[in-house]
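Inspection log for the structure reproduced underneath, given as structure tokens.
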Amino acid sequence: MMEQAINWLKGWLFTTNHKKVGILYIFTSCYFGFVGAVLALLMRTQLSVPDNNFLTGNFYNQAVTMHGVIMIFWFLSPLAIGFANYFVPLQIGAEDLAFPRLNALSYWLYLAGGIFEIISFFVPGGSANGGWTTYQPLGTSQFSPGAGPTLVFIGWILLTVSVTLGSVNFITTIFWMRAPGVTISRIPMFTWFMFFTIVAMLFSFPALIAALVLLVSDRVLGTVFFSLASIQPSILWDNLFWFFGHPEVYIVLLPAFGVIAEVLQVFSGRPLAAKNVILISTAIIVLPLSFGVWMHHMFVTGVPLALQNVFSISTIAISLPFDLITLAFIETLLHGNIRLNAPMLFALGGIVLFIIGGITGVFLSSPVLDRVFRGSYFVVGHFHYVMVGAAIFGLIAGIYYWLPRMTGRMYNEGLAKIHFIVSFIGFNVLYFPMNLLTDMPRRIFTYQSIGDWPLLNGVASIGAYIFALAQIALAYQVLNTWFRGPPSPPNPWGAATLEWPQVQTPVVGQEAPQGGWIGELNTENVGKEKLHDNLSSRPILLTAGIFVALLGVPYYSSSLGIATILIGLLILAYSVIGWAMDDLKERFVVQDSEAGERWPFHLVSKLKLGMWTFLSSEIIFFGTFIGAYLYIRAASPSWIAVGSVHSIPIGALNTILLVTSGLTMALALESIREGNQRNLLAFLGITFLLGSAFMGIKVSEWADLASKGFLISSQNQVISIAASSYYFLVGLHGAHVTAGLIVMIYLMKKTINGQYTKEEHRGIENFALYWAFVDVIWCFLFPLFYLM
Amino acid sequence: MFGLLSMVLAAQPQTAETFSQLFNLYLAFGTAAAVIVISLLVFFVIRYRARDGHDPSKYPVPGWKVALITAMITLSVLVTAEYQTIASESNITIPNDTNAIHIKVLGFQWGWSFTYPNGKTTLNNLTVPAGAVIILNITSRDVFHSFGIPMLAEKMDAIPGKVNTMWFQAPLQTGVYRDAIRCYELCGAGHALMIANLTVVSQQSWQRWISS
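These protein sequences, in sequence, are chains E and Y.
The first sequence begins at 374 in our numbering and counts up one residue at a time.
The second sequence begins at 14 in our numbering and counts up one residue at a time.
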């Protein structure tokens, strides 16, 4: 009994199986959704009547901030990622995701980040309170002191790292793991929309990580990126944040569109209308354009009129592809045989609410109308119609649609229909009044009894309770179906996508499934998926190390804080070494199937595709920092003279060292391509020495600079901001070099073991790619800091 | 609905008037689009409910043609809307008016201070002569605020280290417009209380007031 319980627990904590990780994501995200909903109800209670004293201004601000952060980052996207974990591999006939352990690591990092968000409420001073947009300088230590906000931003960074790793994993999976026969044109719509989501994530999240890392650096290390008024840090933050923030809207929305597209086809019996128009307009209009509309969030920050017009036009233009998608969805119903089961009701409801939310969005594209709407409840109404209306209704459609597939049991249709009707009514009672509150500022914790504010706010609060109550039915429905529901046929909806068993006669009998994990019930029918449950303790342990180390960061000035950081680093080192040893001893092997649809990457190895994807997000990451640096240089009234602080000869020497190490790394790769292990080891050794010399010189250079008074804490504002930029960016690059040196030790050990051969040397190939990237970054940093 | 706007409907200042016209255009387009599209969806759901003997696979799958036509219709609406927005940009362009009164606005945690041309300063109350063109130079002493007068359809961010300009035509009706000015960006625990009055006085009273 005891042993069974331990095995059960191990089966979840150490799992790398995409379905189990998917289940973990779905349940964890629903928990965070519950937390976010409680915060929302607290706010709606406070606002239900004028001059209410239910919450203080400070706590209200924490609630409004963390409601946004938790709902967007810990509920909406992770719920979609949970579905994607479970169903994307099934839909394309893959055995699992491309990198199963990396996937488990993504989940644990997501959870660890979420724990930071929760505990931030319980430290003295409470949580972050500057809004989910945390417009600077409100989020700096000066205006938001205390450990709480620091913990929130650190947790947020963990989440963004988790998402970036997940993006690499999913892109590689979708392009490299498709079963024979699943050609590009046969990829199901949910997988397509997840792919679009992931691409948007891959290129937008690095900008958010960059912004958050700069902010945490300000709060912890004392850099001054967001605290010197002379460089207008609010504008810097706005640009970084919204460059990420607008694609984020589509990141939240597109998975729901994927579900809606699946559900519409299944429950109307019709193929998707104008499918290629949908796919092409999403790929070539929505994705690129989503990165070119961010400034409509900044119309009244004082940007020139011409620029406002450019972004007004790009914003109104992005409504066109969404118009096409919506109408194609509706056209799909034409001549159909429509069954109004719960998934279909929620999908249709999601479309209706998206139409309203989309149209109010067009209003916000006008800089003239924005002079009233910016910062008002009209905006709150608009984005909740999109993010709650379209996204959550779409995802709930997904819950009902796939519940029989995940559990082998059927939910209660009558209750589900009531759930839909009450949700739809409650939603509109809650959010429609906000469209009318065009003069009420958002995020105010109290208001006086003027005009129609008390009435509209009261109605909205009643709607909030109705909407929240309805979700209790959903929770009951999921748990009840999971444990007690009547058995479902293997393919109850007659769906044609691969995640459902494609057999004419149900294989499963009438008896209820026996014990074990019932989610596995239908698997034998598909034939394409193989049950494997490779356990690995490394992902959770590695995350635990990071978690403990970061927990100490806000308290690093105390010995307890330092001790916590050191313990965390020890756990981290142990698990990283363990992970490397697993690879050396080949303890965790993922067998790739020989055949598969991999166009257009059929000539590229899986690991290499993953590395390319990762590096493309790294380019945005460094690009954001370099962009921020250039902004600071342009905004700063003056700057340190060239050659006066940074020694050009030393910088040049380091450049030569690093570029040479790039050449020796290329020679190392060339050696193993010819099968020469001895030369490989020699060139790796030289590369390692050159890299170490680079870091050694760097350290002595820093010590020299510090002794000359080139310090972040300098009283001279120009020196302070120049030192902040220099130490931060060059330090970040140094961290990448150091990480490379550590990996090189592992590569040399593996070379000595003789594990790299002429045929199998993917590790060397990928590291060479990484090292070349690190070289190239330095080739940008050297002129930016030393020569200009 | 637009409670504060209807307050000044009697004689709307220029910026509020321009806003109302543009807003009504967007509202008309938006409402029409929502009604048409949602009705179509509801009609299809009713018309094509599951029924015996109907084989949906008999009908061809709609391709790009309907999409193209709807795209063209939408495009024409969007172009009209955008054109009207650009035509209304007098609202967000500082007028070249030599008689305009320039007033400095400083946002801080938590209040607004106004400095008039002669150096006179008021707190949480902006006094202007009726019908005059007012140009505000807005900045912040600490964090990001946003200065908004919804009844005049104008708003501008108050950003530390940056001076932004905004203009409006003062209401024609004299009187104290209570709580007409608010902060529209979360700026800390007192964000909700960052409110100011707009006091509109006659030209003669303005001269007396400013020199007192």
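We put the beta carbon where it would ideally sit given N, CA and C, even for glycine.
It should be emphasised that the depicted structure is a prediction, and the values quoted were computed from it without experimental measurement.
Residue from THR507(E), GLU490(E), THR506(E) whose Cα sits closest to the Cα of GLY499(E): GLU490(E)
By the DSSP assignment, the alpha helix (DSSP H) with PHE1146(E) in it spans what residues? 1135-1155
What number of angstroms, rounded off, separates the C-alpha of THR699(E) from the C-alpha of ALA1014(E)? Distance between the alpha carbons of THR699(E) and ALA1014(E) is about 56 Å.
Is GLN217(Y) buried or exposed, if buried means 16 or more other CB atoms sit within 10 Å of its CB? exposed
For ASP192(Y), tell me which candidate among LEU81(Y), VAL118(Y), PHE36(Y), ASN210(Y) has the shortest Cα-Cα distance. ASN210(Y)
Kindly examine the ligand GDP and report whether one of its heavy atoms sits closer than 7 Å to the Cβ of VAL636(E). Here there are no bound small molecules, and the ligand GDP is not part of this structure.
Give a yes or no on whether 8 Å exceeds the smallest Cβ distance from PRO69(Y) to chain E. yes
Are there 16 or more other CB atoms within 10 angstroms of the CB of GLN220(Y), so buried, or fewer, so exposed? exposed
Please state whether DSSP places LEU601(E) in a helix, a strand or coil. coil
Anything in chain E within Cβ reach of PRO173(Y), meaning under 9 Å, just list it in chain order. PRO510, ALA602, GLN605, PRO606, SER607
Going along chain E, which residues have a C-beta under 7 Å from SER101(Y)? Within chain E, the residues near SER101(Y) are VAL741.
Closer than 9 Å between beta carbons: that is the criterion. Which residues of the region 32-52 of chain Y meet it against chain E? PHE32, LEU35, PHE36, TYR39, LEU40, PHE42, GLY43, THR44, ALA46, ALA47, VAL50, ILE51
Between LEU652(E) and GLU621(E), what straight-line distance do the alpha-carbon atoms span, to the nearest angstrom? 19 Å
Terminal residues of the continuous alpha helix (DSSP H) containing VAL394(E)? 391-420
Looking at C-alpha atoms only, which residue of SER101(Y), LYS78(Y), ALA113(Y), PHE42(Y) is the closest neighbour of TRP180(Y)? ALA113(Y)
I need the boundaries of the alpha helix (DSSP H) containing ARG64(Y), first residue and last residue. Where ARG64(Y) is concerned, there is no enclosing alpha helix (DSSP H), given that its DSSP letter is neither H nor E.
Alpha carbon of GLN435(E) to alpha carbon of LEU511(E), nearest angstrom: A direct Cα-to-Cα measurement between GLN435(E) and LEU511(E) gives close to 13 Å.
DSSP state of PHE666(E) mapped onto helix, strand, coil: Here residue 666(E) is Val; the residue named in the question, Phe, does not match the sequence. Look at VAL666(E) here: in three-state DSSP terms it is coil, with no helix or strand label.
Closer than 6 Å by C-beta to SER493(E): which residues in its own chain qualify, once you throw out the five before and the five after it? Chain order, please. Hits under 6 Å: SER500, GLY521, LEU524, VAL525.
Measure the alpha-carbon distance for LEU842(E) versus THR854(E) and round it to whole angstroms. 19 Å
Below-8 Å beta-carbon distance, ILE105(Y) vs any chain E residue: yes
Quick one: residues in its chain with C-beta nearer than 8 Å to the C-beta of ILE445(E), no 5 flanking neighbours on either side, listed in chain order? TRP505, GLU621, VAL625, MET760
Nearest neighbour of GLY1173(E), chosen from THR44(Y), GLN34(Y), SER52(Y), SER70(Y) [CA to CA]: Lying outside 374 to 1161, the shown extent of chain E, residue 1173(E) is not represented and no answer is given.
Distance CB(ILE1115(E))-CB(GLU1074(E)) smaller than 8 Å: Against a cut-off of 8 Å, the Cβ pair of GLU1074(E) and ILE1115(E) comes out as no contact.
Would you mind reading off the limits of the alpha helix (DSSP H) that contains TYR1061(E)? A quick correction: the sequence has Phe, not Tyr, at residue 1061(E). Unbroken alpha helix (DSSP H) run through PHE1061(E): 1050-1080.
Proximal residues of chain E, C-beta to C-beta of PRO163(Y) below 8 Å: VAL745, SER749, THR811, ASP812
Tell me where the alpha helix (DSSP H) around ARG815(E) begins and ends. From DSSP, ARG815(E) is part of no alpha helix (DSSP H); its letter is neither H nor E.
At the level of alpha carbons, what is the spacing between ALA869(E) and LYS78(Y)? 26 Å
Can you pull the chain E neighbours of PHE127(Y), defined as C-beta to C-beta under 8 Å? PHE127(Y) does not reach chain E, its nearest Cβ partner there being about 19 Å away, counting only Cβ pairs nearer than 8 Å.
Following the continuous beta strand (DSSP E) through PHE616(E), name the residue where it begins and the one where it ends. Here PHE616(E) belongs to no beta strand (DSSP E); instead the alpha helix (DSSP H) covers 606-641.
Which chain Y residues are close to ASP696(E), counting only those with a beta carbon under 8 Å from its beta carbon? THR83, ALA84, THR87
Let me know if SER1086(E) comes out buried or exposed under the rule of 16 or more other beta-carbons within 10 Å of its beta-carbon. exposed
Neighbourhood of PHE448(E) by C-beta distance below 8 Å, restricted to the same chain and skipping five residues each side: SER402, CYS403, PHE405, GLY406, GLY409
Can at least three beta-carbon pairs, one atom from the region 784-801 of chain E and one from the region 844-862 of chain E, be found at a separation below 8 Å? yes
Please state the DSSP three-state secondary structure of SER126(Y). Note: SER126(Y) maps to strand in three-state DSSP.
Contact set between the region 427-441 of chain E and chain Y, restricted to residues whose Cβ is under 7 Å from the partner: GLY430, ASN431, ASN434
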